[in-house]
Amino acid sequence: MTASADALSLTPARRKRIIIAITGATGVIYGIRLLQVLRDHADVETHLLISEAGMLNLHQELDMKRKNVEALADVVHNVRDVGASIASGSFQSDGMIIAPCSMKTLAAVAHGLSDNLITRAADVVLKERRRLVLMVRETPFNLAHLRNMTAVTEMGGIIFPPLPGFYHRPASIAEMVDHTVGRVLDLFEIQHTLTPRWSGMKAE
0 MTASADALSL TPARRKRIII AITGATGVIY GIRLLQVLRD HADVETHLLI
50 SEAGMLNLHQ ELDMKRKNVE ALADVVHNVR DVGASIASGS FQSDGMIIAP
100 CSMKTLAAVA HGLSDNLITR AADVVLKERR RLVLMVRETP FNLAHLRNMT
150 AVTEMGGIIF PPLPGFYHRP ASIAEMVDHT VGRVLDLFEI QHTLTPRWSG
200 MKAE
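In numbering that gives the first Met the number 0, the protein residues as written are 0 to 203.
This is the structure in structure tokens:
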């Protein structure tokens, strides 16, 4: 074994890096809960982005201040800083979750606008063939929404509306949120105990 190969074998594996963006759609609790859960994973490094509209919703829905949200993440990026590390494909990440994802952000991603760091980071994730999950929040959908979701899907992104499941008989909103967050974490192969696993129909 050469010296360089020996050194390589001693190089520690890097932490899994997940980019989380919170945009101006209702449902900011999903982004917050993701950050809370991932904070307890020592092997996961979170990179946070919050749009201006997302910050308004955090205040409206959860009475949270920016500093309290940012304290949940390992790294915080300014949404206007298009020169940030996550704006480059050379920055190694394991993917990105936009939770929640507004229809404006969906449209920007679908059309490759890269008009801020959120949509630029999403564009990078797509071009590098990494996992992009958009937790789109709107109802009902119009044709533009549906076409944009189709476009993102065709590019390799995953459209994940945070629709609650009821087969596990949730007793609270928190349990419904955790079930959805758990399903998203499954897409990144991140272990969790947020919700029971389906084991088949109960016998009568």
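In this text, a Cβ means the ideal position worked out from N, Cα and C, and glycines have one as well.
By the DSSP assignment, the alpha helix (DSSP H) with residue 143 in it spans what residues?
Translated into positions along the sequence shown, residue 143 becomes position 144. Taken as a continuous stretch (DSSP letters only), the alpha helix (DSSP H) holding residue 143 covers 142–153.
Give a yes or no on contact between the region 96–107 and the region 59–70, applying the rule of three or more CB pairs nearer than 8 angstroms.
no
Nearest-angstrom Cα distance between residue 134 and residue 25?
On the sequence shown, residue 134 is found 135 positions in, with the first residue counted as 1. On the sequence shown, residue 25 is found 26 positions in, with the first residue counted as 1. The alpha-carbon atoms of residue 134 and residue 25 are separated by roughly 11 angstroms.
What is the DSSP secondary structure of residue 119, reduced to helix, strand or coil?
Counted from its first residue, the sequence shown places residue 119 at position 120. In this structure, residue 119 counts as helix in the three-state DSSP scheme.
Can you list, in chain order, the residues of its chain whose CB lies under 6 angstroms from that of residue 177, leaving out five sequence neighbours each side?
As a first step, residue 177 must be located in the sequence shown, where it is residue number 178. Within the same chain, residue 177 has close Cβ partners 193, 194.
For residue 45, write down the residues that DSSP places opposite it in a beta bridge.
By 1-based counting over the sequence shown, the position of residue 45 is 46. For residue 45, which the question treats as bridged, DSSP gives the partners 17.
Run of the alpha helix (DSSP H) containing residue 78, from where it starts to where it stops
What you label residue 78 is simply residue 79 of the sequence shown in a count that begins at 1. That residue, residue 78, is in no alpha helix (DSSP H); it is neither H nor E in DSSP.
For residue 110, does the count of other Cβ atoms within 10 angstroms reach 16, so buried, or fall short, so exposed?
The residue labelled residue 110 in the question sits at position 111 within the sequence shown. Residue 110 is exposed by the Cβ-count criterion.
Rounded to whole angstroms, what is the Cα-Cα separation between residue 23 and residue 13?
Residue 23 sits at position 24 when you count from the first residue of the sequence shown. Residue 13 sits at position 14 when you count from the first residue of the sequence shown. One C-alpha to the other measures close to 32 angstroms.
Residue 88 beta carbon less than 8 angstroms from that of residue 126
Taking the first residue of the sequence shown as position 1, residue 126 is located at position 127. Taking the first residue of the sequence shown as position 1, residue 88 is located at position 89. Yes. Within cutoff.
Extent of the continuous alpha helix (DSSP H) run through residue 96
Within the sequence shown, numbered from 1, the residue matching residue 96 stands at position 97. It is not in any alpha helix (DSSP H) - residue 96 instead sits in the beta strand (DSSP E) that spans 94–100.
What are the residues that DSSP puts in a beta bridge with residue 124?
Looking up residue 124 in the sequence shown gives position 125. None; residue 124 has no bridge partner.
Does DSSP classify residue 158 as helix, strand or coil?
Translated into the one-based positions of the sequence shown, residue 158 becomes position 159. Residue 158 falls in the strand class under three-state DSSP.
Using alpha carbons as the reference points, say which of 53, 117, 105 lies closest to residue 86.
Sequence index remark: in the sequence shown, residue 86 carries index 87 (1-based). Comparing Cα-Cα distances from residue 86 to each of 53, 117, 105, the minimum goes to 117.
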